[in-house]
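Data block below; observations after.
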Amino acid sequence: MTVGLLVGGERITQSTGGSHEHIYPATGQSNETVALAGSQEIDRAVTSAWEAHRAWMALTVDRRRDMLIDLADLVHEHLDELARLNVDDYAVPISFAGTALLLERFLRHYAGYVDKPHGASTPVNGSFDVNLIEREPYGVVGVITPWNGALAVTASCVAPALAAGNAVVLKPSELAPLAALRFGELCLEAGLPPGLVNVVPAGAAGGDALVRHAGIRKVHFTGGGATARKVLEAAATNLTPVVAELGGKSANLIFEDADLDAAAVLSAHQGPLMQSGQSCACASRILVHESVYDTFVDKFLSVIGTAQVGDPMDPAVSFGPVISQSAADRILATIDEAVSHRAGELLVGGKRLGGKLARGYYIEPTVFGAVDNASALAQTETFGPVVSIMRFRDDAEAVRIANDTVYGLNAFVQTNDLARAHRVARQLEAGSVWINQFSDMSPQGPYGGYKQSGFGRTGGAEGLHEFLQIKNIRIGMR
Ligand code: TXE
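For the sequence shown, the residue numbers in the working numbering are 7 to 484.
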């Protein structure tokens with residue numbers, strides 16, 4: 007069966023962008039054929055989106071608000087189905103697939119903005135003149151999402167874009183189109199105008215056509231830095247503004263006063279066990295105060311050893327495969343290179359899992375100790391179940407090592423010393439700092455990167471303003 011695109015409210019299975027055999031990472035078997043959007047389908051989607059934007063803005067604010075709430079209710083009714091599609095997409099364990107719930111949470115959060123003030127007025131010279139600062143929708147925006155956390159990223163982009171009054175052309179990764187397409191159908195079932203949310207799975211070519219399209223007034227891109235550079239080049243065609251949510255190599259600082267049992271659990275589940283390390287939020291560099299290094303490492307390795315590896319559809323499983331054969335090859339090569347270059351000491355893992363898991367792309371949770379932060383292992387986003395542990399002597403050295411990276415997405419701090427936590431958080435070059443806390447994508451807080459982890463934000467009022475442009479209106483009252 008061919009999985010089609012959703013353009014202007016219609017399912018299209020014949021497209022000009024070719025097709026993609028969707029491989030289920032847990033078995034290495036094809037589970038769907040996905041039609042990919044070419045420039046023709048992208049153009050049709052943008053045209054239908056402009057018509058839908060006008061229809062959307064012709065509705066009352068109450069109606070738009072209530073439709074987003076209706077959509078959230080519909081997502082709630084389909085949480086199990088969306089969670090299963092999330093697993094079909096990229097074999098993330100069903101126990102983790104709570105990202106479907108994020109879809110509901112972001113929709114409810116941003117429905118609340120639809121009829122709330124987000125403009126202003128300001129006094130000006132001129133006796134009774136009025137100066138209005140309006141925030142207006144762009145019209146049609148392009149949203150490009152990665153395969154990992156695809157529903158969560160869709161939630162954090164599409165909800166604010168719609169609440170701001172835009173129509174959306176959503177291009178999920180060719181590797182994970184299923185849940186996004188189902189979301190597009192739910193938008194229609196909730197009564198949103200056909201074409202308000204178009205879902206056009208495609209690879210690089212379709213993505214490039216979307217970014218270059220003159221009818222796309224803003225692009226929200228989530229993915230890797232290499233692709234982001236291509237997106238920015240394409241966006242230069244029409245000087246289209248871009249939000250970029252990119253990769254990370256986040257540091258997790260374990261201070262000597264931390265609760266080491268809690269820190270070990272948090273570090274494991276925010277590290278190699280988090281979507282098998284395939285998350286931008288993965289804390290892939292663990293920095294431990296020298297006085298508690300050995301104790302922490304023992305506790306950490308014990309927690310890693312409890313990972314339940316297996317069928318992602320099994321609710322007891324917490325650790326699944328990586329996305330593809332090529333990803334597995336890349337990750338194993340990274341491990342081999344780290345061993346041969348003595349980047350650190352391989353403490354556990356490092357191999358592909360066999361037996362009944364041999365057909366899937368399973369790599370053991372892998373931990374290196376005493377890692378050199380200047381090594382490729384510590385400086386490059388591995389995007390797999392591989393973490394590096396390093397020592398530090400004092401707060402200043404911890405901050406220096408943590409910041410010694412081109413990335414700046416997240417940082418994690420484990421300490422019970424509130425003053426230290428705040429002092430260190432202020433010095434860390436990261437868009438999000440989590441103190442004794444896992445990262446989550448709460449709709450209330452802005453999320454995004456410093457340095458080469460990107461620019462722009464999703465979540466909170468900042469996430470809404472990314473989809474609004476400012477117009478100043480001055481009314482002379484002579
Ligand atoms: O990225 P890719 P992936 C990052 C994560 C990692 C990467 C993994 O850190 O670096 O994403 O996701 C489309 N023009 N984040 O492998 O390859 C492609 O089809 C336009 C950070 O998917 O960069 C896919 O839809 N589009 C994030 C999307 O770009 C193009 C959280 C991303 O693909 C294109 C999750 C082109 N030329 C992952 N080429 C965060 N910071 O929140 C490809 N694409």
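Just so it is clear, CB atoms sit at the ideal spot from N, CA and C, and this is done for glycine as well.
Please return the same chain residues whose Cβ sits closer than 6 Å to the Cβ of A404, not counting the five positions on each side in sequence.
Position 398 of the sequence shown, counted from the first residue, corresponds to residue 404. Closer than 6 Å at the Cβ level, and outside the excluded window around A404, lie L259, L293, F398.
Let me check you understand the geometry: is the CB of A322 closer than 7 Å to at least one non-hydrogen atom of the ligand TXE?
Along the sequence shown, read from residue 1 onward, the residue named residue 322 stands at position 316. Result no, Cβ not under 7 Å from the ligand TXE.
Look at the Cβ atom of G209, then the Cβ atom of L42, and state whether they are nearer than 8 Å.
Mapped onto the sequence shown, residue 209 falls at position 203. Mapped onto the sequence shown, residue 42 falls at position 36. Their beta carbons are under 8 Å apart, which means G209 touches L42 by this criterion.
If we count Cβ pairs, one from each stretch, closer than 8 Å, do we get three or more for the stretch 315-335 versus the stretch 358-371?
The stretch 315-335, when compared against the stretch 358-371, does touch it at the 8 Å Cβ threshold.
Within 7 Å: the Cβ of T233 and any heavy atom of the ligand SAH?
The ligand SAH is absent from the structure shown, which contains only the ligand TXE.
Out of P99, W62, R69, point me to the one whose CA is closest to A32's CA.
Here residue 32 refers to the residue found at position 26 when the sequence shown is read from its first residue. Looking at the Cα atoms, P99 is the closest of the given residues.
Measuring alpha carbon to alpha carbon, tell me which of L272, A173, R291 ends up nearest K224.
Translated into positions along the sequence shown, residue 224 becomes position 218. The option with the nearest alpha carbon to K224 is A173.
In the DSSP assignment, find the unbroken alpha helix (DSSP H) run with F306 in it and report its ends.
Locating residue 306 in the sequence shown gives position 300, where the first residue counts as 1. Its alpha helix (DSSP H) spans residues 299-310.
Based on DSSP bridge pairs, tell me the residues matched to M396.
Residue numbering aside, residue 396 sits at position 390 when the sequence shown is read from its first letter. M396 pairs with L293.
In the DSSP assignment, the alpha helix (DSSP H) including I75 goes from what residue to what residue?
Against the sequence shown, residue 75 aligns to sequence position 69. Its alpha helix (DSSP H) spans residues 67-83.
If you reduce the DSSP assignment to three classes, tell me which class G209 lands in.
Here residue 209 refers to the residue found at position 203 of the sequence shown. Note: G209 maps to coil in three-state DSSP.
Are the beta-carbon atoms belonging to V412 and V439 less than 8 Å from one another?
Start at 1 with the first residue of the sequence shown, and residue 412 comes out as number 406. Start at 1 with the first residue of the sequence shown, and residue 439 comes out as number 433. Cβ atoms of V412 and V439: not closer than 8 Å.
Tell me the start and end of each unbroken beta strand (DSSP E) in the stretch 131-179 that is at least 3 residues and wholly inside, in chain order.
Those beta strand (DSSP E) runs which fall completely within the stretch 131-179 and span 3+ residues are 136-143, 146-150, 173-177.
I'd like the span of the beta strand (DSSP E) that includes N37, first residue to last.
Locating residue 37 in the sequence shown gives position 31, where the first residue counts as 1. That run of the beta strand (DSSP E) goes 35-41.
Identify, in the order they occur along the chain, each residue of the same chain with its Cβ nearer than 6 Å to the Cβ of R71, setting aside the five sequence neighbours on each side.
Taking the first residue of the sequence shown as position 1, residue 71 is located at position 65. Closer than 6 Å at the Cβ level, and outside the excluded window around R71, lie A117, V120, D121.
Please report the Cβ distance between Q281 and F102, rounded to the nearest whole angstrom; I am assuming they are in contact, meaning their Cβ atoms lie under 8 Å.
Here residue 281 refers to the residue found at position 275 when the sequence shown is read from its first residue. Here residue 102 refers to the residue found at position 96 when the sequence shown is read from its first residue. Confirmed, about 6 Å.
For a minimum of 4 consecutive residues, which ranges assigned as the alpha helix (DSSP H) are wholly contained in the stretch 319-378?
You should have 331-346.
Less than 8 Å between the CB atoms is what I'm expecting for V271 and G375, so what's the real figure, rounded?
Sequence index remark: in the sequence shown, residue 271 carries index 265 (1-based). Sequence index remark: in the sequence shown, residue 375 carries index 369 (1-based). Their Cβ separation, rounded to whole angstroms, is 18 Å, which puts V271 and G375 out of contact at 8 Å.
State the beta-bridge partners of Y30 as determined by DSSP.
For the purposes of this step, residue 30 is identified with residue 24 of the sequence shown, where counting begins at 1. Note: Y30 sits in a beta bridge opposite Q35.
Less than 6 Å between C-beta atoms, sequence neighbours within five positions excluded: which residues of the same chain meet that for F261?
The residue you call residue 261 lines up with position 255 of the sequence shown. If we look at F261 and ignore the five residues flanking it on each side, its Cβ neighbours are H295, T421.
Considering only C-alpha positions, which residue in the set T8, V354, S21 is nearest to S308?
Along the sequence shown, read from residue 1 onward, the residue named residue 308 stands at position 302. S308 has its Cα closest to that of V354, out of T8, V354, S21.
Any heavy atom of the ligand TXE within a distance shorter than 7 Å of the CB on C286?
By one-based count along the sequence shown, residue 286 stands at place 280. Checking the Cβ of C286 against the ligand TXE gives yes.
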